[in-house]
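In what follows, a single structure is set out as structure tokens and then discussed.
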Amino acid sequence: MLHRILPYRTSLAILVLFLLYPLVDHNAGHVNAAADAAVFALLALGLNIVVGFAGLLDLGYAAFFAIGSYAYAFAASPFYGLHLPFWPMLLIAAIIAGVFGLLLGAPTLRLRGDYLAIVTLGFGEIVPTVFLNLPRYTGGTNGIVGIDQPVLLGYHFGFNPVPYFYTLLVIIVLSVIAILRLRDSRLGRAWLAIREDEIAAASMGINLTVTKLLAFSFGAFFSGFGGALYVAKLGIVSPDQFNFTVSFTVLAMVVLGGMGNVLGVIAGAGILYEFQSLFLADLTQWTHALGQAWSLPALRVVDFVNFKFLLYGLGLVFLMLLRPAGIFPERRIRAIVTEGRGEIIPEAAPVAGDSPAADVSPPGES
Amino acid sequence: MILFAQQLVNGLSLGAIYAVIALGYTMVYGIIELINFAHGDVYTAGSFVALAALTLLGATGHMAAAGVAFALIVAGLAAMLAMGATGVVIERFAYRPLRGRQRLAPLLTAIGVSFSLENLLQLWMGPSPVPFPQLVPNPFFALGPISIGQMQLVVIFSSLVMMVALHFFVQRTKLGKAMRATAQDWMAAEIMGIDINKTIALTFFVGSVLAGAAGVITGLYYGTIWFINGFRAGLIAFTAAVLGGIGNTTGAALGGFVIGFIEVMTAQYIGFQWAEVMIFSVLILVLIFRPTGLLGQQLPERT
Amino acid sequence: MIRRLLSMLSGLAVLGLILMVPGSTGLHPASAAGAIRIGVDLPMSGGEAPNGVPTNNGILLAIDQANAAGGYNGSMFEEVLKDDAVNGVHDPAQGAKNVQELLADPAVVGLVASFNSNVGKATIPITNGAGVVQISPAQTNPTLTKPPDALEVRRAHPDQINYFRVCTTDDIQGPVGADFAYKVLKAQKVAILDDQETYGKGIADEFEKEFKKLGGTVLSHDGIPKGTQDFHAILTKIKAEAPQLLYFGGVTTTGGGLIRKQMPDVGLTIPYEGGDGIVEDEFLTVAGDTANYSFGTVASVNVERMAAAKAFVDAYKAKYHESPGAYSANAFVAVKIIIDAVKAVGPDRAKVRAWVANLRDYKSIIGTFSFDENGDTTNKVISIYAVRNNKWTWIDQIRLGQV
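Protein chains in written order, with our numbering: chain S, 1065 to 1430; chain L, 2 to 304; chain E, 1283 to 1685.
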């Protein structure tokens, strides 16, 4: 038993840290941010299947996030008068999102590369706009209010972010296990084959249509979990929460974390979310504090509110210039990128017994 | 019927702007397969530079025609050159180091550049929309029952001029030929002695010049500029480029006009709020039946 | 082996840094001895800056003035500002987090939040649960206070109102606009456009409801896709419908100004009307010469007719070198209420909330008002403005119930 856990020791240690986090930090706002980061980690896990495993460039992932969120909101709020219980709906929302993954993936099957990207981007715009333009069915721009919040064994979650955080951690762990299994299965290898060379994969007998559709479907499935938990915690849903920047943010998390690297994208999600929500937001206060500590009056009056985008943008540029394969690149990707050529290093496909932890390449290694 | 024709005119002027911006997108994509998300912001920046130039020259709407012409030429050149230079700089420092490798890193970089540009523009002229002097009078002419504004004519005309000029440049000049060669097969081009880096830089230069010019024209046309304009314009322009066939400059122009047309007709017959849904739906339908766009793509051959 | 260990350690260090930094209050600027804090949540960055920045300036002005007058018992007032715009767009989830962070700071006695009604729906349940006062200068959607919808929002303590607003709601402004259009401007047929945001659509819908009730005809009611610059197509369509007035629900930056400007291009010479979202200097800047013959309703008394308000405008201009924004005065009043509450009952959250809930006949630069049983202002005065000689000129004032 120990030998199966040992390769994951780093990740488990970090998991323990996360489990302890809400006990240490009693600031509900921070825990809430951590919970939202966990939601985005789920999204990143889902998108990782589409972009990281199957190599399908999806620029409109927020559409699935929206579908999962609204699915739960329709089923558990005063809007339609339905109040289905949360836990089954969590799974059902994921399934509904998965079905839409099939539907929205279907038109893209014959498309290559960036044509696929623009179609997915199109769906990313169409879905929220449809929710916006049909107020009688979706609440329109006002969205849906008063979404039911989960109850577990008599305990009401309410607006306290802590139980959501733990629920998300459990779901993330289960999802990671499932996804790792998926990746090492025939389907997973079919995805990786498509990613590297579609034509060769097809000539080896892989059914492109089914494989691609399943990639979209599984990818969307996880956004359903994220969506339901996200809006349950927030209590409301509205179309303007699912714009292009959300799609882009999840994509950035996947790339940052290292495409294809399951644990890496979780790290990518955490880091990028942290950067966006807490670091940039509080930068002004920290600089002031720093100015106070080092007695530099200039630092105490600077205000970063107007510079947020600039810092974010420059940060992205530098990060990509320094580590274009992401912070924790999957070994195959890193090999391709650093070699600069289109060849794949002839590496044996993962065999049972191979250490999966090898994919979690720590920073510092080139 | 008259209404339809009138809307057609509106669609032409709207589409012309989209077409010019789409050209820059498609040229860059055709040569290095990069979706340059910052292109829309280059377009906006062009209008900002032009405004700054006009302010420096003290141009107002009450000057004599010759003065207006002079001011516009100066401002236009300033905007185009500044944007051309900006494009080259962005390519050199943000995109070139990532050339040839993974497809996604440059995409993220492009968005990073886009955010940075937007913020810089916000810092330059403030977070609110800024007025742009209306130097060209805008009387309306009647063509039978249809009316067309002078500015609309200016927009359509100048866009066509730019498209023709680009076509001429790409098809008939040596530099243009170098661009086409690099776009088709950069390794072969390099072997033939073409300086790839310079050619790519030139592509960015030309594309950005066009975007800058479009910015000046829309500044004059709408009379207001806002730092956040670039995002939507860029998105639509990119959609136009794909619709026509990425890498194909004629396709981009066609795509721009088609999208302008769709937007206008949706406003008239379906409901303006559905404009974007219609545009993307048409795009998806077209791509289902013609997976490489209306006029087919022109992409680098893979070695 | 060593390399992996080092990498792992550096990874853990980065992680530790990430976890530690927000959690450590030690890095937050040490507040001056016992400063009394007022939490503020507004959309401040990106495209939201024109909304949030002037509003926040009003708040800062009030705090400065209070501190100049000595603060409270030697303690100064301090603002803690949070931005709820993520990537340039207001985000309810960010608002919720901001509010929770503000509430976690024991020195915060009350909140001035937020700007957008959707953010309100996410934040009010939280502040209601904590029993902390939250005053909004700009959220106008009626469902935030009026039952039955509001009961969903204040679920924790439905009868202990903690959310108040100094601005009037859309269901008052819209109908007054409709009355004015029908009775004064004598328009029987109107076309309506809205920017599809909660404020714009809200006020446009209310206008439509009332206008139809009065017997008028609404020829069309369309929404504008976000970021549109070219309105010639939709205006051409509207011209063909031959309306006598065009009503716009929204603000200058979401189309209010450009629509007015492009109306003459298609030959639309009818009057143009909107809500307080267009009664601002920015509208005049964008619309330029075409601004004349535009009308707007504003949910407050004419500040220029009140001496106290004039002092506010002058002080604002002196400090910020520009005219106040549409909601700067409201924000000023909102924070001043909290300041006055502290001065009356001390920096105690529950007492401040109770004091504000019992606010009666409060004199302010936007008029004298009380808070009703839902937390709405009783100040139901709507002013009507018209653009004459390229300036917004006050022309009338309507008290609710009278036309």
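Every residue, glycine too, gets a C-beta built ideally from N, C-alpha and C. Just so we're clear, the structure is a prediction, and the values are computed from it rather than from any experiment.
- Query: Apart from the five residues just before and just after V1180(S), which ones in its own chain have a Cβ nearer than 7 Å to its Cβ?
  - Reply: It is Leu, not Val, that sits at residue 1180(S) in the sequence shown. Hits under 7 Å: L1120, L1121, T1172.
- Message: Given this structure, state the Cα-to-Cα distance separating G1649(E) from G1413(E), to the nearest angstrom.
- Response: Answer to the nearest angstrom: the Cα atoms are 27 Å apart.
- Task: Could you say which of A111(L), N139(L), G294(L), I285(L) lies nearest to T1184(S) if we only look at CA atoms?
- Result: Selected option, being the one with the closest Cα: I285(L).
- Query: Does G1377(S) come within less than 8 Å of chain L when only Cβ atoms are used?
  - Reply: Interface residue, yes.
- What is the rounded straight-line gap between the Cα of G47(L) and the Cα of M81(L)? Each residue's alpha carbon lies about 7 Å from the other.
- Leaving aside the five residues before and after T1579(E) along the sequence, list all residues of the same chain whose C-beta is less than 6 Å from its C-beta, in chain order. Counting only Cβ-Cβ distances below 6 Å, and skipping sequence neighbours, we find Q1455, V1458, G1459, G1557, I1664, I1666.
- Message: Under 7 Å, CB to CB, which of the residues in the region 1541 to 1573 of chain E have a partner in chain L?
- Response: Shown in chain order are the members of the region 1541 to 1573 of chain E whose Cβ falls below 7 Å from a Cβ of chain L: K1543, D1547, G1549, E1564, T1567, V1568, G1570.
- Is F1359(E) helix, strand or coil by DSSP? Looking at F1359(E) - three-state DSSP - the assignment turns out to be strand.
- Message: Our contact map puts P132(L) next to G1570(E) with C-beta atoms below 8 Å; I'd like the distance itself, whole angstroms only.
- Response: About 7 Å; that satisfies the 8 Å criterion.
- Message: Check whether chain S comes within 8 Å of E119(L), counting only Cβ atoms and requiring the distance to be less than that.
- Response: For E119(L), the answer is yes, since a Cβ of chain S falls inside 8 Å of its Cβ.
- Task: Output yes if chain L places a C-beta closer than 8 Å to the C-beta of I1406(E); else output no.
- Result: I1406(E) does not count as touching chain L.
- Message: Can you check whether the C-beta of Y44(L) is within less than 8 Å of a C-beta belonging to chain E?
- Response: No, no contact with chain E.
- Message: When you compare the CB of H1514(E) with every CB in chain B, is at least one pair closer than 8 Å?
- Response: No chain B is part of this structure, whose protein chains are labelled S, L and E.
- Query: Three-state secondary structure (DSSP) at Q274(L)?
  - Reply: Three-state result, Q274(L): helix.
- Message: Helix, strand or coil, according to DSSP, for G1393(S) in the structure here?
- Response: Here residue 1393(S) is Pro; the residue named in the question, Gly, does not match the sequence. Correct three-state label for P1393(S): coil.
- When the Cα atoms are used, what is the spatial distance from L1550(E) to T225(L)? So the alpha carbons of these two residues sit roughly 20 Å apart.
- chain L contact for D1431(E) (CB, 8 Å cutoff): Not an interface residue.
- Determine the direct distance from the alpha carbon of G1505(E) to that of G272(L), and round the result to whole angstroms. Between the alpha carbons of G272(L) and G1505(E) lies a gap of roughly 8 Å.
- Beta bridge counterpart(s) of K1618(E) as assigned by DSSP: Looking at the DSSP output, K1618(E) shares a beta bridge with no other residue.
- Task: Compute the distance between the beta-carbons of T1409(E) and L1393(E), then report whether it is under 8 Å.
- Result: Closer than 8 Å, so yes.
- Query: Can you name, in chain order, every residue of its own chain whose Cβ lies under 6 Å from the Cβ of F1653(E), other than the five neighbours on each side?
  - Reply: The beta carbon of F1653(E) is closer than 6 Å to those of F1446, L1641 in its chain, skipping five residues each way along the sequence.
- Query: Quick one: what's E1679(E) bridged to in DSSP?
  - Reply: In the sequence as presented, Glu is not what sits at residue 1679(E); that position holds Gln. According to DSSP, which records beta bridges pairwise, Q1679(E) is partnered with S1665(E).
- Inter-residue Cα distance where the pair is A1295(E) and F1082(S): At A1295(E), the pLDDT of 48 sits below 50, so the modelled position is not reliable and the matter cannot be decided from this model.
- Message: Looking at N1612(E): is its Cβ nearer than 8 Å to the Cβ of T1427(E)?
- Response: Contact annotation: N1612(E) and T1427(E) have beta-carbon atoms that are not nearer than 8 Å.
- CA-to-CA distance, A6(L) to L144(L), given in whole angstroms: Roughly 11 Å between the two C-alpha positions.
- Task: Please name the residue or residues paired with V1472(E) in a DSSP beta bridge.
- Result: DSSP, once it has assigned bridges, lists V1500(E), L1527(E) as partnering V1472(E).
- Report the rounded CA-to-CA distance for V287(L) versus Y1134(S), giving the unit in angstroms. Linking V287(L) to Y1134(S) through their CA atoms gives a straight-line distance of about 29 Å.
- With 8 Å set as the bound, which would you pick, yes or no: does the beta-carbon of T1231(S) sit closer than that to a beta-carbon of chain E? At least 8 Å separates the CB of T1231(S) from every CB of chain E.
- Query: Any idea if Y1464(E) is buried or exposed, counting beta-carbon neighbours within 10 angstroms, 16 or more meaning buried?
  - Reply: Counting Cβ neighbours within 10 Å, Y1464(E) comes out buried, since at least 16 surround it.
- Query: From I1443(E), A1515(E), G1607(E), N1423(E), pick the residue whose C-alpha is nearest to that of A1636(E); which is it?
  - Reply: Here the closest residue by C-alpha is I1443(E).
- Message: Please report the distance separating the alpha-carbon of G1283(S) from that of A1126(S).
- Response: Between the alpha carbons of G1283(S) and A1126(S) lies a distance of about 12 Å.
- Task: Could you spell out where the alpha helix (DSSP H) holding Y1554(E) opens and where it closes?
- Result: That residue, Y1554(E), is in no alpha helix (DSSP H); its beta strand (DSSP E) goes 1554 to 1556.
- Item | Residues within the region 1324 to 1344 of chain E neighbouring chain S, beta-carbon criterion of under 7 Å | Per Cβ criterion, the list reads M1326, S1327, G1328.
- Query: Taking only beta-carbon atoms, is F1104(S) less than 8 Å away from chain L?
  - Reply: It does not: the Cβ of F1104(S) has no partner Cβ on chain L nearer than 8 Å.
- Query: Who are Y1644(E)'s beta bridge partners in DSSP?
  - Reply: In DSSP, Y1644(E) forms a bridge with F1651(E).
- Message: Just to confirm, is the Cβ distance from V90(L) to T204(L) under 8 Å?
- Response: T204(L) is positioned such that its CB atom lies no closer than 8 Å to that of V90(L).
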